[in-house]
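**Student:** Residue numbers (this note's numbering), protein chains in the order written: chain A, 1 to 394; chain B, 395 to 678. Ideal placement from N, C-alpha and C gives every residue a C-beta, glycine not left out. Sharing a structure, written as structure tokens. Questions coming.
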Amino acid sequence: MEILKSIYEVAWFILLIAGGVAVLEGYLYSHFKFYRKPLFEVSALIVFPLLGLLALKTFGLAAPGSYSWLAVSEVLILLFFRFAVKGRHTVPFMLLAPAFVGLALLLVYPFVFEVYLSFHDLKLTTIMMWKNTGTLPFAGISQYVKVFTTSPLSEITFWALLGRTLVWTFSNVFFHVTGGFILALMLNNQIRFKGIYRTLLVIPWAMPQVVAVLAMRGEFHATNGFVNIIITKLLDTLPFLGSLGVAPVQWLSDYPLLTCTLINVWLGIPFMMVVILGGLQSISSSYYDAADIDGASYLQKLRYITLPLIRPVLMPAVTLGTVWTFNNINVIYLVTGQAGGTEQADILVSALYKAAFTYNRYSYSAAFAIVVFAMLFFFSVFYLKTFDAAKDER
Amino acid sequence: MKKQLSAAAKRKRLQHFFIHAGIILFAGACVYPLLRILTVSLRPGDKLFSTDLSLIPAGATFVSYARLLGDTMFLRWLWNSLIITLATSFIGVSLASTAAYAFSRFRFPGKKAGMILLLSSQMIPAGMLILPLFLMIMKLKLMNTYLGMIIAYSVSSLPFSIWILKGYYDTIPRSLEEAALVDGTSQVGAFWRIILPLSTPALSIAFLFNFTTAWNEYLVARVVLFSSKQYTWTLGLFELQGQYITQWGMFAAGSMLVTIPVLCVFLYSSKWLISGLTLGSVKG
Numbered sequence: 001m002e003i004l005k006s007i008y009e010v011a012w013f014i015l016l017i018a019g020g021v022a023v024l025e026g027y028l029y030s031h032f033k034f035y036r037k038p039l040f041e042v043s044a045l046i047v048f049p050l051l052g053l054l055a056l057k058t059f060g061l062a063a064p065g066s067y068s069w070l071a072v073s074e075v076l077i078l079l080f081f082r083f084a085v086k087g088r089h090t091v092p093f094m095l096l097a098p099a100f101v102g103l104a105l106l107l108v109y110p111f112v113f114e115v116y117l118s119f120h121d122l123k124l125t126t127i128m129m130w131k132n133t134g135t136l137p138f139a140g141i142s143q144y145v146k147v148f149t150t151s152p153l154s155e156i157t158f159w160a161l162l163g164r165t166l167v168w169t170f171s172n173v174f175f176h177v178t179g180g181f182i183l184a185l186m187l188n189n190q191i192r193f194k195g196i197y198r199t200l201l202v203i204p205w206a207m208p209q210v211v212a213v214l215a216m217r218g219e220f221h222a223t224n225g226f227v228n229i230i231i232t233k234l235l236d237t238l239p240f241l242g243s244l245g246v247a248p249v250q251w252l253s254d255y256p257l258l259t260c261t262l263i264n265v266w267l268g269i270p271f272m273m274v275v276i277l278g279g280l281q282s283i284s285s286s287y288y289d290a291a292d293i294d295g296a297s298y299l300q301k302l303r304y305i306t307l308p309l310i311r312p313v314l315m316p317a318v319t320l321g322t323v324w325t326f327n328n329i330n331v332i333y334l335v336t337g338q339a340g341g342t343e344q345a346d347i348l349v350s351a352l353y354k355a356a357f358t359y360n361r362y363s364y365s366a367a368f369a370i371v372v373f374a375m376l377f378f379f380s381v382f383y384l385k386t387f388d389a390a391k392d393e394r
Numbered sequence: 395m396k397k398q399l400s401a402a403a404k405r406k407r408l409q410h411f412f413i414h415a416g417i418i419l420f421a422g423a424c425v426y427p428l429l430r431i432l433t434v435s436l437r438p439g440d441k442l443f444s445t446d447l448s449l450i451p452a453g454a455t456f457v458s459y460a461r462l463l464g465d466t467m468f469l470r471w472l473w474n475s476l477i478i479t480l481a482t483s484f485i486g487v488s489l490a491s492t493a494a495y496a497f498s499r500f501r502f503p504g505k506k507a508g509m510i511l512l513l514s515s516q517m518i519p520a521g522m523l524i525l526p527l528f529l530m531i532m533k534l535k536l537m538n539t540y541l542g543m544i545i546a547y548s549v550s551s552l553p554f555s556i557w558i559l560k561g562y563y564d565t566i567p568r569s570l571e572e573a574a575l576v577d578g579t580s581q582v583g584a585f586w587r588i589i590l591p592l593s594t595p596a597l598s599i600a601f602l603f604n605f606t607t608a609w610n611e612y613l614v615a616r617v618v619l620f621s622s623k624q625y626t627w628t629l630g631l632f633e634l635q636g637q638y639i640t641q642w643g644m645f646a647a648g649s650m651l652v653t654i655p656v657l658c659v660f661l662y663s664s665k666w667l668i669s670g671l672t673l674g675s676v677k678g
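Below you can see the structure in the form of structure tokens.
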């Protein structure tokens, strides 16, 4: 019964969306068709905002002033059709409209809403007021000041988090690329069982991340995890390792950041390996043959043929990897996110998630997110500039 | 001459031996944790915390699996995940398929800006939009429902899907559509009857990508769903592994049940997924 009910619920929702898309297309089509008719503009100005208001009322979203907002946007759309589109490009615009509206509602609007939140004060004590009235006390830039002066969690500061994030990102990407590169070089030989090896090596990437991280978290447990068990067994057979400082440790409570890094390195190497292997396989062997005739050593071939030629594949992958690692909440939250979890491993993004949903400091977290976004944005603009410059050089 | 060759062959054989050894070492590190999950899931209830390292534990049973399916709502969680994920992927792929066609075949003002918007949306930290989405879902009174989850997920993979599909449409020769247009169908008809059927591989990859992203998602589900009846499997497993360490066996059993199908699908589709990934990023 429950199953039928859920199917019904979802099917109804999909039909609703289909209906919404149809309405949207009809709305656009009427503009494309009749934008020139004078009567159309007048009637559109009356009819469409009213229909919009009706729709908002049905879903319980109407707020005071909704009508004037709808009317203003209708005027803008009419002007846009009259002076910019002029009835051309009907097909592409209508094809794009559903996706565009979806992105506007669920990507652009949340972003703008986040900016709005960051200048207001939404926290546990004001959330009921916001739910009922939709208004919030204005806070100016005080949330942004707080980002740099108070801790998002209980004690760690913004700057310490920033430093830790940079260390985390750099070390992870470094090990991902080196590990992936070594594995790809080894796999790129004429060896037997290549397909099997490749399959086995991508398993950490292929497993659902939640399963992989939670399982690894269990394996780093001080007494029951295999990491410490293996260390203990190693010490039993090779006692001299003990004098070198090898000993079982409390991974999760004493070295949480190291644990997260180990887990994430394990998770991330296969992706880099696969990308680099793809790059290696696309290098024509004639380059190596020519180098062999010139008597080049293995390292020389690596330095002067392989590296430059896989650069076009490697650079985007490294960029992507950097952004992913910088934004990786999953690993850190799954390892340390429970009640009583440590904050010794938190990076910027996981701290902002915890600030919002563990500490319920919504506006603070929004301001924090805007700051993080700005940093990431400037990094990528700067990076793309230098990347483009390097491209032109070649 | 012959002697030299055999020396080279010897060197080669030695080299290959080291390569095999190195790869096997790495492969072991990759596979071992998965095998450990299998081991733990097979352990009898009183030996969950043994420090034994053997792969098939002494007295292996399927008791954990039986308890997982009988005593917890694991099947319900799987069902919840499945229905949310299917709806999300369906909506995502439908929106992406038409938008990608517009980007692939038409020239219109704002095309470049649109492409840049799509790419730069990938730069937004994933954790950043969770808060406003959470508040929006609360405002819409969709907390703890399928619809709230579907709404939150539906556009998250849209930019990437559009990229993949656009790349694929670009490889389909225009002459096919032109022929159809000459025969009297409309542009939309050509898209519906020619391009879509031809793009089945790309569409299924986009669907698969949407599917795996939503299927494995955890952070949004954590804040939107709060009754264990509505949990997706990710939340359920976190619960099993987190709060009560005694349920490690059930956690492992659940992990195995989820991982094996995902693993098969991934390994089957990895070739296309990877080419899609590199295609999108190289062009960007």
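For residue 587 (chain B), count neighbouring C-beta atoms within 10 Å of its own C-beta (all shown protein chains included) and say buried if the count is 16 or more, exposed if not.
**Tutor:** Translated into the one-based positions of the second sequence, residue 587 (chain B) becomes position 193. Its Cβ having fewer than 16 others within 10 Å, residue 587 (chain B) is exposed.
**Student:** Helix, strand or coil for residue 138 (chain A)? Go by DSSP, reduced to three states.
**Tutor:** Counted from its first residue, the first sequence places residue 138 (chain A) at position 138. The answer is strand: DSSP assigns residue 138 (chain A) an E or B state.
**Student:** Identify each residue in the stretch 555 to 577 of chain B for which the Cβ-Cβ distance to at least one residue of chain C is less than 8 angstroms, and report them in chain order.
**Tutor:** The displayed structure is made up of protein chains A and B, and chain C is not among them.
**Student:** Would the stretch 59 to 71 of chain A count as touching the stretch 444 to 455 of chain B if we require 3 or more Cβ pairs under 8 angstroms?
**Tutor:** no
**Student:** Within the chosen definition, does the stretch 514 to 529 of chain B reach the stretch 605 to 621 of chain B through at least 3 CB pairs nearer than 8 angstroms?
**Tutor:** yes
**Student:** From A:377, A:310, A:48, pick the residue whose C-alpha is nearest to that of residue 326 (chain A); which is it?
**Tutor:** Walking along the first sequence from the start, residue 326 (chain A) turns up at place 326. Nearest option by C-alpha distance: A:377.
**Student:** Could you please give the first and the last residue of the uninterrupted alpha helix (DSSP H) stretch that includes residue 560 (chain B)?
**Tutor:** Within the second sequence, the letter at position 166 stands for residue 560 (chain B). It spans 552 to 565 - the alpha helix (DSSP H) in which residue 560 (chain B) sits, taken as one unbroken run.
**Student:** Distance cutoff 9 angstroms, beta carbons only. Does residue 394 (chain A) sit that close to anything in chain B?
**Tutor:** Mapped onto the first sequence, residue 394 (chain A) falls at position 394. Below a pLDDT of 50, predicted positions are generally treated as unreliable, and residue 394 (chain A), at 46, falls in that range; the measurement from the model is reported next regardless. With 9 angstroms as the cut-off, residue 394 (chain A) does not count as an interface residue toward chain B.
**Student:** Quick one: grab the DSSP three-state call for residue 120 (chain A).
**Tutor:** The sequence position of residue 120 (chain A) within the first sequence is 120, counting from 1. Looking at residue 120 (chain A) - three-state DSSP - the assignment turns out to be strand.
**Student:** Under 9 angstroms, Cβ to Cβ, is there at least one residue of chain A near residue 402 (chain B)?
**Tutor:** Locating residue 402 (chain B) in the second sequence gives position 8, counting from the first residue. Chain A, which has no Cβ nearer than 9 angstroms to the Cβ of residue 402 (chain B), makes this no.
**Student:** On the CB-based measure, 16 or more other CB atoms within 10 Å of its CB, does residue 570 (chain B) come out buried or exposed?
**Tutor:** For the purposes of this step, residue 570 (chain B) is taken as the residue at position 176 of the second sequence. Per the 10 Å Cβ criterion, exposed.
**Student:** Quick one: using the 10 Å Cβ neighbour count with 16 as the cut-off for buried, is residue 350 (chain A) buried or exposed?
**Tutor:** The residue given as residue 350 (chain A) occupies position 350 in the first sequence. Burial call: buried.
**Student:** Could you pull out every residue in the same chain whose Cβ sits closer than 6 angstroms to the Cβ of residue 608 (chain B), ignoring the five residues on either side in sequence?
**Tutor:** As a position in the second sequence, residue 608 (chain B) is number 214, starting the count at 1. The residues are 479, 482, 547.
**Student:** Does the beta carbon of residue 74 (chain A) sit closer than 9 angstroms to a beta carbon anywhere in chain B?
**Tutor:** In the first sequence, counting from the first residue as 1, residue 74 (chain A) sits at position 74. Judged by the 9 angstroms Cβ criterion, residue 74 (chain A) is not in contact with chain B.
**Student:** What in chain B is Cβ-close to residue 380 (chain A), meaning under 7 angstroms?
**Tutor:** Within the first sequence, numbered from 1, the residue matching residue 380 (chain A) stands at position 380. Within chain B, the residues near residue 380 (chain A) are 517.
**Student:** Return the residues of the stretch 408 to 422 of chain B that lie within a Cβ-Cβ distance of less than 7 angstroms from chain A, sorted by chain order.
**Tutor:** 410, 413, 414, 416, 417, 420, 421
**Student:** Please classify residue 298 (chain A): does DSSP put it in a helix, a strand, or coil?
**Tutor:** As a first step, residue 298 (chain A) is located in the first sequence; it is residue number 298 there, counting from the start. In the structure shown, residue 298 (chain A) sits in a helix (DSSP, three-state: H, G or I).
**Student:** Using 9 angstroms as the limit for Cβ to Cβ distance, is residue 678 (chain B) near chain A?
**Tutor:** What you label residue 678 (chain B) is simply residue 284 of the second sequence in a count that begins at 1. At residue 678 (chain B), the pLDDT of 32 sits below 50, so the modelled position is not reliable; the number obtained from the coordinates is stated separately. It does; some Cβ of chain A falls within 9 angstroms.
**Student:** Is the Cβ-Cβ distance between residue 96 (chain A) and residue 612 (chain B) less than 9 angstroms?
**Tutor:** On the first sequence, position 96 is the one that residue 96 (chain A) refers to. On the second sequence, position 218 is the one that residue 612 (chain B) refers to. In this structure, residue 612 (chain B) does not lie closer than 9 angstroms to residue 96 (chain A) by Cβ.
**Student:** Going by beta-carbon coordinates alone, are residue 162 (chain A) and residue 152 (chain A) separated by less than 9 angstroms?
**Tutor:** In the first sequence, the residue the question calls residue 162 (chain A) occupies position 162. In the first sequence, the residue the question calls residue 152 (chain A) occupies position 152. It is not a contact, given that the beta carbons lie outside the stated cut-off.
**Student:** Using the rule of at least 16 other Cβ atoms within 10 Å of the residue's Cβ for burial, across every protein chain shown, is residue 217 (chain A) buried or exposed?
**Tutor:** Locating residue 217 (chain A) in the first sequence gives position 217, where the first residue counts as 1. Per the 10 Å Cβ criterion, buried.
**Student:** Is any beta-carbon of chain B found at less than 9 angstroms from that of residue 233 (chain A)?
**Tutor:** Sequence index remark: in the first sequence, residue 233 (chain A) carries index 233 (1-based). Yes, residue 233 (chain A) counts as interfacial toward chain B.
**Student:** Where does residue 189 (chain A) sit, in a helix, a strand or coil, going by DSSP?
**Tutor:** Working through the first sequence from its first residue, we reach residue 189 (chain A) at position 189. Residue 189 (chain A): coil per DSSP, three-state reduction.
**Student:** Excluding sequence positions up to five away, which residues of its chain have a Cβ less than 7 angstroms from the Cβ of residue 271 (chain A)?
**Tutor:** Taking the first residue of the first sequence as 1, we reach residue 271 (chain A) at position 271. Within the same chain, residue 271 (chain A) has close Cβ partners 205.
**Student:** Taking DSSP as the reference, what is the three-state secondary structure of residue 467 (chain B)?
**Tutor:** Translated into positions along the second sequence, residue 467 (chain B) becomes position 73. In this structure, residue 467 (chain B) counts as coil in the three-state DSSP scheme.
**Student:** Who are the near neighbours of residue 332 (chain A) in its chain, counting only those whose CB is closer than 8 angstroms to its CB and skipping five residues on each side?
**Tutor:** Mapped onto the first sequence, residue 332 (chain A) falls at position 332. Same-chain partners within the cutoff: 260, 345, 346, 347, 350.
**Student:** Return helix, strand or coil for residue 451 (chain B), following the three-state DSSP convention.
**Tutor:** Indexing the second sequence from 1 puts residue 451 (chain B) at position 57. Reduced to three states, the DSSP call for residue 451 (chain B) is coil.
**Student:** In whole angstroms, what separates the C-alpha of residue 51 (chain A) from that of residue 80 (chain A)?
**Tutor:** Locating residue 51 (chain A) in the first sequence gives position 51, where the first residue counts as 1. Locating residue 80 (chain A) in the first sequence gives position 80, where the first residue counts as 1. When rounded, the distance between both Cα atoms is 20 angstroms.
**Student:** If the cut is a Cβ gap below 8 angstroms, which residues of chain B does residue 211 (chain A) touch?
**Tutor:** Residue mapping note: residue 211 (chain A) aligns to position 211 of the first sequence, counting from 1. The answer, in chain order, is 431, 631, 649, 652, 653.
**Student:** From which residue to which residue does the alpha helix (DSSP H) around residue 217 (chain A) run?
**Tutor:** Sequence index remark: in the first sequence, residue 217 (chain A) carries index 217 (1-based). Here the alpha helix (DSSP H) through residue 217 (chain A) covers 209 to 219.
**Student:** Distance, Cα to Cα, residue 105 (chain A) vs residue 438 (chain B)?
**Tutor:** For the purposes of this step, residue 105 (chain A) is taken as the residue at position 105 of the first sequence. For the purposes of this step, residue 438 (chain B) is taken as the residue at position 44 of the second sequence. Approximately 51 angstroms, taken between the alpha carbons.
**Student:** Quick one: what's got a C-beta closer than 8 angstroms to residue 247 (chain A)'s C-beta in the same chain, skipping five residues either side?
**Tutor:** Here residue 247 (chain A) corresponds to residue number 247 of the first sequence, with the count starting at 1. Here the set comprises 231, 235.
**Student:** DSSP state of residue 35 (chain A), grouped into three classes?
**Tutor:** By 1-based counting over the first sequence, the position of residue 35 (chain A) is 35. Coil, per DSSP.
**Student:** Does the CB of residue 488 (chain B) have a neighbour CB from chain A at under 9 angstroms?
**Tutor:** Indexing the second sequence from 1 puts residue 488 (chain B) at position 94. By this cut-off, residue 488 (chain B) is an interface position.
**Student:** Does DSSP put residue 434 (chain B) in a helix, a strand or coil?
**Tutor:** Locating residue 434 (chain B) in the second sequence gives position 40, counting from the first residue. Helix.
**Student:** Where does residue 264 (chain A) land, buried or exposed, given buried means 16+ other C-beta within 10 angstroms?
**Tutor:** Along the first sequence, one-based indexing puts residue 264 (chain A) at 264. Its Cβ being crowded by 16 or more others within 10 Å, residue 264 (chain A) is buried.
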